[in-house]
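Read through the structure below, which is laid out as structure tokens, and then see the notes.
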Amino acid sequence: MKTYKNTVLRYAVLFLCMVSAFSCQHFEVPEMDIIPDPPSSSLVYYLTFDQESVADSSLYAFPVVGEGITFTGGVSGTAMQGARNKYVVIDTLKTYYHGLDLRRSLSEMAGFTFSCWMNLKKEEATGGIALFSIPDRMGTGWTSNLDILIDAPNGQGALPVALHVENYRTGSSQSMWVAKDNTPEIFMTDMLDRWVHLVIRYSGKSSTVTYFKDGEKVFTKKYADFGTLKFANTGAVLVGAFQNITIPQIAEGAEVQGWEATFPGQLDQLRFYNEFMTDKQVKELFNSKR
Numbered sequence: 033m034k035t036y037k038n039t040v041l042r043y044a045v046l047f048l049c050m051v052s053a054f055s056c057q058h059f060e061v062p063e064m065d066i067i068p069d070p071p072s073s074s075l076v077y078y079l080t081f082d083q084e085s086v087a088d089s090s091l092y093a094f095p096v097v098g099e100g101i102t103f104t105g106g107v108s109g110t111a112m113q114g115a116r117n118k119y120v121v122i123d124t125l126k127t128y129y130h131g132l133d134l135r136r137s138l139s140e141m142a143g144f145t146f147s148c149w150m151n152l153k154k155e156e157a158t159g160g161i162a163l164f165s166i167p168d169r170m171g172t173g174w175t176s177n178l179d180i181l182i183d184a185p186n187g188q189g190a191l192p193v194a195l196h197v198e199n200y201r202t203g204s205s206q207s208m209w210v211a212k213d214n215t216p217e218i219f220m221t222d223m224l225d226r227w228v229h230l231v232i233r234y235s236g237k238s239s240t241v242t243y244f245k246d247g248e249k250v251f252t253k254k255y256a257d258f259g260t261l262k263f264a265n266t267g268a269v270l271v272g273a274f275q276n277i278t279i280p281q282i283a284e285g286a287e288v289q290g291w292e293a294t295f296p297g298q299l300d301q302l303r304f305y306n307e308f309m310t311d312k313q314v315k316e317l318f319n320s321k322r
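Using my numbering, you'd call the opening residue of the sequence shown number 33 and step up by one each time.
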């Protein structure tokens with residue numbers, strides 16, 4: 033019995049010595065490389081035009097070319113000065129961002145919000161003026177996936193700002209028009225000879241288009257079952273031009289129409305979000321002159 037106790041004691045002492053020895057050693061624990069998801073943003077295009085530049089200031093910094101664009105004083109910093117046959121092209125063909133494929137973000141969206149400051153003189157508002165476009169590179173007409181255009185003012189000087197959207201969500205093409213052929217309900221007053229903040233918003237959830245002028249809602253209409261959006265053959269975005277009047281043409285199969293014109297006025301702080309912005313967010317953009 034005594035021998036057994038001595039043996040147990042001997043092993044216990046040996047175990048404690050081993051524990052003590054190991055506890056005094058310093059072990060390096062390798063750090064784990066945790067790769068975070070790349071940052072993302074609903075603000076997919078943002079042209080500030082500051083410092084006389086057409087660079088995209090969004091998170092994705094798409095390549096941008098200003099075809100003959102000049103600059104002038106804007107609402108905040110400098111602004112784009114449009115002119116005949118002058119426009120901006122945002123190249124979105126290369127859609128990889130830190131390993132993230134942006135194609136779905138740029139061509140499939142639950143809604144959108146377009147925002148800009150614009151200054152158009154009365155003598156410049158001659159109709160058929162392109163403001164913003166998301167071309168269909170295989171398109172055969174002047175209309176693209178999304179078009180915002182300005183027609184000539186009515187007798188009271190109110191300005192029709194038209195919106196066209198082509199949706200391929202169901203597999204076939206479905207068109208939505210706001211102010212097609214100068215629909216009277218969309219004529220906007222006090223839009224000329226001054227800086228105006230224009231926002232056009234679409235919600236795919238409710239199929240509703242809303243226009244804002246200087247932070248205030250001026251038009252809203254529901255378009256039954258138009259739904260979420262899916263665009264075709266994207267790869268470029270145009271500021272101040274239609275898809276068939278660029279040189280070379282973005283949509284090569286589209287015939288040029290005699291009435292089409294590039295944007296002749298001034299633009300500043302142009303933004304495009306691939307989501308629906310709230311009334312409060314729109315008001316904040318106006319108040320901050322952004």
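Idealized CB from N, CA, C, for every residue including glycine.
The region 272–280 makes no contact with the region 83–98, as fewer than three CB pairs between them are under 8 Å.
Taking a 10 Å sphere around the C-beta of glycine 297, we find 16 or more other C-beta atoms and assign the residue as buried. Tyrosine 234 and phenylalanine 244 have their alpha carbons spaced roughly 12 Å apart. Beta-bridge partners assigned by DSSP to asparagine 276: none are found.
Separation of methionine 208 and glutamate 248 (C-alpha to C-alpha, rounded to the nearest whole angstrom) is 23 Å. Taken in chain order, the unbroken stretches of beta strand (DSSP E) that lie wholly in the region 239–285 and span 3 residues or more are 240–245, 248–254, 268–271.
Put simply, the region 295–314 touches the region 153–161. At least three CB pairs are less than 8 Å apart. Threonine 110 places its beta carbon 8 Å or farther from that of aspartate 133. Boundaries of the beta strand (DSSP E) harbouring aspartate 300: 298–305, taken from the DSSP string.
Boundaries for aspartate 225: no beta strand (DSSP E) harbours it, and the DSSP string shows neither H nor E there. Straight across, the Cα-Cα distance linking leucine 224 with cysteine 148 is about 14 Å.
If the five residues before and after isoleucine 122 are omitted, its C-beta is found closer than 7 Å to the C-beta atoms of Tyr77, Asp88, Phe94, Val96, Ala268, Val269, all from its own chain and listed in chain order. Going by DSSP, valine 314 is part of the alpha helix (DSSP H) stretching over 311–319.
Between the alpha carbons of proline 192 and histidine 229 lies a distance of about 15 Å.
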